[in-house]
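Numbering (the numbering used here), first residue to last: 472 to 655. Don't be surprised by glycine CBs; every beta carbon is placed ideally from N, CA and C. Here the structure is a predicted model, which is why all the values come from computation and not from measurement.
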């Protein structure tokens with residue numbers, strides 16, 4: 472009888488250990504996320520002065536009072552809640568300036584959403600004013616369907632939308648609502 476009892480006890484213990492062993496899974500990433508709420512950024516940077524260079528030449532300078540890093544989300548992004556100023560330099564070192572009250576950069580889609588008093592000034596003093604403007608980094612394309620004001624060589628165009636490449640060589644005000652010419 473003692474042998475049978477030990478045999479059953481050994482089988483039960485073995486079964487439990489095997490069940491526990493196979494029920495364990497690798498949940499290291501879940502454990503890492505436990506201390507971080509998905510609603511909170513994983514990083515905060517203040518007083519940003521980021522200089523991007525390529526082959527020793529300055530290509531862009533990004534200034535912002537605050538950046539929030541939400542790379543921990545399923546759809547990761549960087550948020551600039553207090554706005555940005557971005558100086559972009561071309562191959563001839565001519566500067567274009569982008570200013571916005573708020574910006575968000577979606578990492579996976581490479582789409583930048585600029586909002587609030589958006590102003591882009593080119594090296595030739597062409598200036599675009601909009602309340603919202605999108606920039607597709609993959610195609611280097613600017614667009615919006617919101618009201619815009621575009622100043623080009625003394626002419627002012629008003630419309631409900633804008634399309635252009637990043638060089639403004641084919642800038643188009645959509646749904647033109649008015650134009651005027653400024654006196655020199």
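Please identify the residue among 639, 603 and 510 whose C-alpha is closest to the C-alpha of residue 611. 639
What do you get for residue 651, buried or exposed, if any count of 16 or more other CB atoms within 10 angstroms of its CB means buried? exposed
So, with DSSP's three-state summary, where would you put residue 580? coil
Quick one: give me the first and last residue of the beta strand (DSSP E) that residue 594 is part of. No beta strand (DSSP E) holds residue 594; DSSP gives it neither H nor E.
Tell me residue 620's beta-bridge partners as DSSP assigns them. 600 and 629
CB residue 551 to CB residue 526, shorter than 8 Å? no
One question on the structure: do residue 627 and residue 617 come within less than 8 Å of each other, judged by their Cβ atoms? no
Have a look at residue 571 and residue 593 and give me their C-alpha separation to the nearest angstrom. 15 Å
Measuring straight from C-alpha to C-alpha, what distance separates residue 624 and residue 544? 44 Å
What three-state label does DSSP hand residue 556 in the structure shown? strand
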